[in-house]
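Trainee: Before we start, here is the structure in question, set down as structure tokens.
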Amino acid sequence: MNIFRIQTNNVAPQKGRILIAEPFLPGNYFNRSVIFLVAYSEKGAVGFILNKKVDVTVHDIFPDFPEFDGEVFLGGPVSTDSVYFMHKLGKKLPGSIHVLGDLYWGGDFAILKQQISDGLIQSSDVRFFVGYSGWGAGQLEREIKEDSWLVNDVDENIVLGNLSHESWAEFVKQAGERYSIWENFPENPAMN
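Numbering (the numbering used here), first residue to last: 767 to 958.
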């Protein structure tokens with residue numbers, strides 16, 4: 767058994783699924799990251815890292831934003847000068863794109879701000895991301911074949927939950943027994 771090879775679980779990437787980084791995937795963005803795919807087609811994929819909270823508030827980014835306790839996460843290395851958001855507001859927010867169950871992404875930002883100002887939105891209903899994770903045509907499939915990512919289903923109620931860098935191990939556990947050895951790998955094997 768090669769513990770560094772991902773034994774496929776035969777779950778293909780698609781909108782509404784997650785990518786779990788293999789234990790030693792390098793880089794600040796993707797090391798032990800869990801990415802929720804919000805778009806997937808033959809043209810490529812778009813997703814947001816769920817478990818990398820940043821130490822800024824929405825007010826730090828948008829000083830004119832209404833008072834709000836919404837969390838900000840690192841979405842990925844693409845367009846880090848832009849902010850994106852996922853939410854549970856559905857069609858109450860024009861321009862929203864349905865992803866999974868009650869989860870949507872994007873929509874009319876001015877209306878979002880107004881609804882927050884009016885007290886119609888709770889912080890648990892929306893999550894903000896700086897940047898996003900993106901792949902061109904065939905790129906994600908190659909990375910999966912190279913064992914960089916494990917694809918899995920996800921409970922929609924977890925996606926906007928209280929996630930942190932350490933949540934990676936929980937997602938690995940949910941992927942099944944065959945990946946349990948990953949949970950015990952040190953982040954930096956040289957420090958073991």
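Using N, Cα and C, we set each Cβ at its ideal position, and we do this for glycine too.
Determine the DSSP secondary structure at A941, reduced to helix, strand or coil.
Mentor: A941 falls in the helix class under three-state DSSP.
Trainee: Within this structure, are the beta carbons of L791 and W901 separated by less than 9 Å?
Mentor: In this structure, W901 does not lie closer than 9 Å to L791 by Cβ.
Trainee: Just verifying my parser: in three-state terms, what is the DSSP assignment at D891?
Mentor: Reduced to three states, the DSSP call for D891 is helix.
Trainee: Just to check my reading of the structure: S799 and A787 have Cβ atoms closer than 8 Å, yes? What is that Cβ distance to the nearest angstrom?
Mentor: Rounded, the Cβ-Cβ distance is 5 Å, consistent with contact.
Trainee: Tell me W901's beta-bridge partners as DSSP assigns them.
Mentor: Paired residues: A811.
Trainee: Leaving out the 5 sequence neighbours to the left and right, which residues in its chain are closer than 6 Å to Q780 when beta-carbon positions are compared?
Mentor: Cβ within range, chain order: Y806.
Trainee: Could you tell me the alpha carbon to alpha carbon distance between H931 and I910, rounded to whole angstroms?
Mentor: Approximately 21 Å, taken between the alpha carbons.
Trainee: Rounded to whole angstroms, what's the CA-CA distance from K857 to I947? Just pull it up for me.
Mentor: Distance between the alpha carbons of K857 and I947 is about 42 Å.
Trainee: For a test of the three-state rule: what should DSSP assign to F875, helix, strand or coil?
Mentor: DSSP places F875 in helix when its eight states are reduced to three.
Trainee: Is DSSP giving H853 helix, strand or coil here?
Mentor: Three-state DSSP puts H853 in a strand.
Trainee: According to DSSP, is H931 part of a helix, a strand, or is it coil?
Mentor: H931 falls in the coil class under three-state DSSP.
Trainee: Output needed for A941: all residues of its chain with C-beta closer than 8 Å, excluding positions within five of it in sequence on either side, in chain order.
Mentor: Cβ within range, chain order: N775, I786, L916, N918.
Trainee: Excluding the 5 residues preceding and the 5 following G861 in the sequence, name in chain order all residues of the same chain whose CB lies nearer than 8 Å to its CB.
Mentor: Result list for G861: G872, G873, D874, in chain order.
Trainee: So, at 7 Å on beta carbons, what are the nonlocal neighbours of G867 in its own chain, with the 5 sequence-adjacent residues on each side left out?
Mentor: So the list reads E922, once near-sequence residues are dropped.
Trainee: Counting C-beta neighbours from all protein chains within 10 Å, is the total for K818 16 or more, i.e. buried, or is it exposed?
Mentor: Buried, because 16 or more other Cβ atoms sit within 10 Å of the Cβ of K818.
Trainee: Quick one: is S890 buried, meaning 16 or more other Cβ sit within 10 Å of its Cβ, or exposed?
Mentor: The residue is exposed, with fewer than 16 neighbouring Cβ atoms inside 10 Å.
Trainee: For K939, count neighbouring C-beta atoms within 10 Å of its own C-beta (all shown protein chains included) and say buried if the count is 16 or more, exposed if not.
Mentor: Classification for K939: exposed.
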